[in-house]
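Line by line, the protein sequences are chains A and B.
Counting in this note's numbering, the first sequence runs from 1 upward without gaps.
Counting in this note's numbering, the second sequence runs from 1001 upward without gaps.
By construction, the Cβ of each residue, glycine as well, lies at the ideal position given by its N, Cα and C atoms.
Number of protein chains: 2
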Amino acid sequence: MGIKERKERHREDLKAKILEAAKKLFVTEGYEATSIRKIAAEIEFSPTTIYLYYKDKTDIAYALHQEGFGLLRERFSALAYVDDPFERLKAMGRGYIQFAIDHPDFYELMFIMKEPMQYLQAHHPEEEWPEGERVFDGLIQTVEGCKAHGYFGSMNTEEMAMLSWSVVHGLCSLHITSHFKHIAEKCSDVVIVKQDTLLENTFQAYLRLLERFK
Amino acid sequence: MGIKERKERHREDLKAKILEAAKKLFVTEGYEATSIRKIAAEIEFSPTTIYLYYKDKTDIAYALHQEGFGLLRERFSALAYVDDPFERLKAMGRGYIQFAIDHPDFYELMFIMKEPMQYLQAHHPEEEWPEGERVFDGLIQTVEGCKAHGYFGSMNTEEMAMLSWSVVHGLCSLHITSHFKHIAEKCSDVVIVKQDTLLENTFQAYLRLLERFK
DNA sequence: TTGCATTTATTAACACTGTTAAGTAAATTT
DNA sequence: AAATTTACTTAACAGTGTTAATAAATGCAA
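The following block contains the structure:
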């Protein structure tokens, strides 16, 4: 009974091809400009065929959102071997920021846009955002490790993780939406010139704050 | 020569009426659902008339963005009389968070969406986002006051302001885009139940961090 | 007051968008 | 060989932002 399997394979192939085309358009032209019709043209199928493989556009958005998390995890995977948890926490923060700079469109899809989360809520209400949880769990464990090494004495682990995430996300989010750019000129204290270093400096200010807790 | 003035008044009136209609739709149905045609129907004009008063849709987005900043400043104005700068800083943070909870759609337009900033860049490249700068200046001055009272000893003022903004924006942004909701369940340490208190608790964790600097 | 010019608003249209219902052709099963 | 399922397409709906061309209202000079 290999026919059914061959068909299933073919189906998976086409689904992957659609996503590949969507990704290509998304990376080069952004999410809004990535229309169903353009994806269809890219793979030389009719637009309605897309709907046989993806429920709607938010479904594709979520699939791309998952791709983005794959890239982020790839970056973080190298940090698993950093033994000192505080060093790891710092490196995670830098890695997160660098990811946002390197892949602003993916970052937007993963942490700024509503569409992927809307899809999750609408079509899989039972599942709890596995991609996000997986990364957040890594953060929780790192913070836990920091506590074991004498950092953040009285602080709640989850709150500390949440705070660390909020800091770097706040920075990345304001950077990507170009809110920073319009405020950065004010902060031209000779030192701060490049926008990226403003991100780094603010993040380092946060780290200095944390180090006080040793 | 009062005719020209009367016309100008009439023109301003209609421009205001358009914005009022846009605001009404925007608040009740969100930005995406606020179409030019709907705004036009609301004020009983043809859709193209809108373009005689606003360049394009991002122009309207920016006008609403300004309205939002008016609301935020209104909230902050009451804090000008809080003498202790650290108390003021804390209150500003809480006020900012509460604003995001009370007016999520405005918050989105002000700090998450790209459209208003795009309009600013495209049509007024010389101006430097006056709304944002005005609020940020208030923050800078408050941080400066904190330093004068012995807080944040060695820290750079701008970096400290940036960090404070990033923390609260990170929290609000993740809250509004409903990224928190899908992670919050994991943090159900008996204590943390409501999502809003998770925001408050994380913010307080940040404040505890800051207080160490006294 | 009449005729002309300017301002203001409208109609019609372009080029798109996501999405669905209905129809067709090919592959598979009976 | 006939019937049925699967895979895909065509046509269409209902909307979007935006612009060019046109009509109506207004102000001003003769």
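Neighbour flag for residue i against chain A, beta carbons, 7 Å
i, result
"V1027 (chain B)", "no"
"I1183 (chain B)", "yes"
"R1212 (chain B)", "yes"
"K1015 (chain B)", "no"
"M1092 (chain B)", "no"
"Y1053 (chain B)", "no"
"T1058 (chain B)", "no"
"L1209 (chain B)", "yes"
"K1023 (chain B)", "no"
"E1032 (chain B)", "no"
"K1038 (chain B)", "no"
"E1067 (chain B)", "no"
Closest Cα partner of residue i within the set the options
i, options, result
"G1030 (chain B)", "B:E1108, B:A1041, B:F1099 and B:N1201", "B:E1108"
"T1202 (chain B)", "B:F1180, B:R1212, B:F1213 and B:K1214", "B:F1180"
"E1200 (chain B)", "B:L1071, B:A1040 and B:V1168", "B:V1168"
"E1128 (chain B)", "A:P130, A:F136 and A:A184", "A:A184"
"F1026 (chain B)", "B:H1103, B:Y1053, B:D1084 and B:Y1054", "B:H1103"
"G68 (chain A)", "A:A100, A:A91, A:L52 and A:S46", "A:A100"
"D84 (chain A)", "A:F45, A:N156, A:Q141 and A:E74", "A:Q141"
"L1089 (chain B)", "B:V1135, B:Y1053 and B:G1170", "B:V1135"
"M117 (chain A)", "A:G138, A:L64 and A:L71", "A:L64"
"E1216 (chain B)", "B:D1137, B:R1212 and B:Y1119", "Missing from the structure shown is residue 1216 (chain B); chain B here goes from 1001 to 1214 and no further."
"K23 (chain A)", "A:I112, A:L71, A:L52 and A:S173", "A:L71"
"A1091 (chain B)", "B:S1173, B:L1207 and B:M1113", "B:L1207"
"I1060 (chain B)", "B:K1015, B:F1213 and B:S1164", "B:K1015"
Local Cβ density within 10 Å of residue i, reported as buried at 16 or more and exposed below that
i, result
"A161 (chain A)", "buried"
"G153 (chain A)", "exposed"
"I1192 (chain B)", "Low confidence applies to I1192 (chain B): its pLDDT is 46, below 50, so where it sits in the model is not reliable, and the reading given next is rough at best. The residue is buried, with at least 16 neighbouring Cβ atoms inside 10 Å."
"T1058 (chain B)", "buried"
"R1009 (chain B)", "exposed"
"E32 (chain A)", "exposed"
"S1166 (chain B)", "buried"
"D13 (chain A)", "exposed"
"Y1062 (chain B)", "buried"
"L1198 (chain B)", "buried"
"G1132 (chain B)", "buried"
7 Å Cβ cutoff, residue i in contact with chain B
i, result
"T197 (chain A)", "no"
"E74 (chain A)", "no"
"A122 (chain A)", "no"
"Y206 (chain A)", "yes"
"T142 (chain A)", "no"
"K114 (chain A)", "yes"
"T202 (chain A)", "yes"
"E20 (chain A)", "no"
"V190 (chain A)", "Residue placement at V190 (chain A) is flagged as unreliable, the pLDDT there being 43, under the threshold of 50; a coordinate-derived value is accordingly withheld."
* For the segment 127-140 of chain A, which residues have a CB atom closer than 7 Å to at least one CB atom of chain B, in sequence order? -> E128, W129, G132, E133 and F136
* In chain order, what residues of the segment 1164-1182 of chain B put their CB closer than 9 Å to some CB of chain A? -> W1165, S1166, V1167, V1168, H1169, G1170, L1171, C1172, S1173, L1174, I1176, T1177, S1178, H1179, F1180, K1181 and H1182
* the segment 1093-1103 of chain B in contact with the segment 139-152 of chain A per 3-pair CB rule at 8 Å -> no
* Asked: According to a CB-to-CB cut-off of less than 7 Å, which residues of the segment 1092-1112 of chain B neighbour chain A?
  -> F1111 and I1112
* To do: Report yes or no: do three or more beta-carbon pairs, one from the segment 1071-1091 of chain B and one from the segment 1035-1052 of chain B, lie closer than 8 Å?
  => no
* Taking 8 Å as the threshold, find out whether the segment 1012-1023 of chain B comes into contact with the segment 118-130 of chain A through three or more Cβ pairs. => no
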